[in-house]
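Residue numbers (our numbering), protein chains in the order written: chain S, 207 to 429; chain D, 207 to 429.
2 protein chains.
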Amino acid sequence: MKDHQELLNLPHKTIERLSQYRRALLLCLEDGRTHIFSHEIAKIQHITPVQVRRDLMLIGYSGTLRKGYNIRELIDLIGEIIDSEEMINVAVVGVGNLGRALIKYFNGKRHKLYIVAGFDINPEKIGKIINGIPCFGTEDMDRVVREKNIKIGILTVPAANAIESSKRLVDAGIKGIVNYTPKPIEVPDNVYLEEYDMVTTLEKVAFYVKMAELKGEKVEGGN
Amino acid sequence: MKDHQELLNLPHKTIERLSQYRRALLLCLEDGRTHIFSHEIAKIQHITPVQVRRDLMLIGYSGTLRKGYNIRELIDLIGEIIDSEEMINVAVVGVGNLGRALIKYFNGKRHKLYIVAGFDINPEKIGKIINGIPCFGTEDMDRVVREKNIKIGILTVPAANAIESSKRLVDAGIKGIVNYTPKPIEVPDNVYLEEYDMVTTLEKVAFYVKMAELKGEKVEGGN
DNA sequence: TTTGCAATGTTATTTACTTAACAAAAATAT
DNA sequence: ATATTTTTGTTAAGTAAATAACATTGCAAA
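(1) May I ask you to verify whether the region 217 to 226 of chain D touches the region 396 to 411 of chain S, counting CB pairs closer than 8 angstroms and requiring at least 3?
(2) What's the call for V397/D, buried or exposed, on a 16-neighbour Cβ count within 10 Å?
(3) Short check: CB of L213/S to CB of V299/S, under 8 angstroms?
(4) Whose C-alpha, out of Q257/S, R239/S and C234/S, is nearest the C-alpha of H245/S?
(5) So, are the CB atoms of L231/S and A307/D less than 8 angstroms apart?
(6) If you reduce the DSSP assignment to three classes, tell me which class T220/S lands in.
(7) Out of N337/S, A297/S and N276/S, state which residue places its alpha-carbon closest to the alpha-carbon of K357/S.
(8) In angstroms, rounded to a whole number, what distance separates the CA positions of T387/D and L399/D?
(9) Mind checking whether I391/D and I360/D have CB atoms under 8 angstroms apart?
(10) I want to see whether chain S comes within less than 8 angstroms of G428/D, judged by CB atoms only; does it?
(11) Let me check one thing: in DSSP terms, what residues is A323/D bridge-paired to?
(12) For T344/D versus S372/D, is the C-beta distance shorter than 8 angstroms?
(13) Please identify, using Cβ separations under 9 angstroms, the residues of the region 245 to 278 of chain S that lie next to chain D, in order along the chain.
(14) Please list the residues of the region 280 to 306 of chain D that have a C-beta atom closer than 9 angstroms to any C-beta atom in chain S, keeping them in chain order.
(15) Select from T220/S, T240/S and I265/S the residue whose C-alpha is nearest the C-alpha of I253/S.
(16) Among residues of its own chain, excluding the 5 on either side of K273/S, which ones have a beta-carbon nearer than 6 angstroms to its beta-carbon?
(17) In terms of alpha-carbon separation, which member of A418/D, Y320/D and E292/D lies closest to K381/S?
(18) Any chance you could list the beta strand (DSSP E) runs of at least 3 consecutive residues sitting entirely within the region 255 to 304 of chain D, in chain order?
(19) Please state whether DSSP places K389/D in a helix, a strand or coil.
(20) Taking C-beta to C-beta, are V322/D and K354/D nearer than 8 angstroms?
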């Protein structure tokens with residue numbers, strides 16, 4: 207298998223796509239297929255076949271010339287690369303609509319990733335089992351994160367609580383954070399941070415929709 | 207102001223960052239500030255001051271040398287660029303946890319974007335007002351999208367319904383789709399599509415967390 | 001007044017990523 | 001047998017994005 211440094215040299219975008227390839231491959235496997243061509247994967251992911259082949263080249267996987275790639279093998283190889291050996295435990299901080307959506311959405315889907323705890327400040331939620339996972343008060347974060355060996359925290363609290371919650375996570379020794387609040391947070395270098403704001407995505411789509419409409423008008427006006 | 211083609215030539219990443227700059231600037235404005243330096247914006251967004259200045263150069267905004275950028279002016283200029291003249295109406299398809307989270311999260315935050323309708327197949331939701339917006343059955347999508355002049359659809363249905371829902375949106379004449387389901391969809395060229403999968407993000411974070419741990423172990427082992 | 005400083009604005013360079021080009025291989029058709 | 005087709009795997013070229021380098025400006029302090 208590829209060594210540590212080779213894996214780190216993989217482009218970040220390739221890592222993302224590997225996750226997406228696996229998602230698509232798992233669906234194909236469910237359909238009873240055993241092999242798939244690069245152009246088929248490409249179609250699903252809205253990218254080019256070359257990109258797919260290049261990514262697979264980078265991870266050292268070879269297909270067969272007329273049958274394409276063995277789906278089962280490829281899924282396993284992607285797992286070897288992006289998954290950990292042991293389970294990685296995840297916590298959701300903020301068990302509102304978004305937090306609950308994530309819990310439902312993740313658990314049971316992946317072998318090596320599991321949401322094992324939720325945190326909230328709402329006394330009605332604390333102590334309850336919500337969507338199958340126990341909910342704790344944020345004041346217990348330090349203890350629970352250590353006890354359950356939680357490595358990653360997903361921030362789904364209201365923006366006003368983002369900073370405080372992220373600090374608690376960091377103090378509890380978390381290693382990675384996904385921040386879904388619209389408030390950018392700061393973390394030490396040893397914590398991997400990914401931020402995503404749905405408003406930005408929507409505004410971007412709105413921008414290109416607007417531009418397409420203006421273009422349409424202009425073209426029509428030109429005729 | 208910049209013309210149509212100039213706006214389209216802006217890098218996609220710049221468009222995203224403009225949205226994020228505005229988000230940050232609005233918070234600064236609430237704090238009563240009037241001016242901000244590029245390095246302050248940069249710090250909030252975890253990027254470099256040069257990047258900020260370059261983006262602002264691209265949109266033709268100039269700050270003052272010792273005071274930095276006028277927050278109010280910059281917010282307005284970003285609005286002129288990324289917002290539409292008239293309101294853009296948005297629909298959420300799938301009023302589950304994620305859909306409701308989005309509704310709460312968006313509405314009232316932006317002048318030019320508003321979620322005006324939800325669609326669901328659950329009879330208990332149809333006809334109700336959920337988080338302030340009316341919920342319709344998916345069979346009414348065509349009518350409602352046209353009546354309410356809805357331009358953008360946000361897909362938050364279960365993966366199994368993603369394809370069907372996206373087809374309905376397209377048939378209803380939608381111009382842009384944000385797909386939050388884990389099932390990639392296909393749309394015609396004239397529909398702008400943005401897909402985001404939370405599992406991919408989590409797996410990516412898990413990968414880099416794993417790599418950091420392996421690195422840590424290696425370093426320790428080397429000592 | 002002039003020197004230094006801290007900021008902006010812009011061009012040049014570098015890096016990261018994608019796409020294109022094409023050789024090689026294996027199955028199939030001629 | 002030989003040519004054709006289809007697909008992979010890899011190197012080369014091209015794009016897009018980020019960073020670096022640096023000129024410029026205007027205020028403040030000496």
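Glycine included, every Cβ here is placed at the ideal spot set by N, Cα and C.
This is what the structure holds:
(1) yes
(2) buried
(3) no
(4) Q257/S
(5) no
(6) helix
(7) A297/S
(8) 13 angstroms
(9) no
(10) Unreliable positioning characterises G428/D in this predicted model, as indicated by a pLDDT of 32, which lies under 50. The coordinate reading is nonetheless provided below. No, G428/D does not count as interfacial toward chain S.
(11) A297/D
(12) no
(13) K249, I250, Q251 and H252
(14) I287, I288, D289, S290, E291, I294, V296, G302, N303, L304, G305 and R306
(15) T220/S
(16) H241
(17) A418/D
(18) 294 to 299
(19) coil
(20) yes
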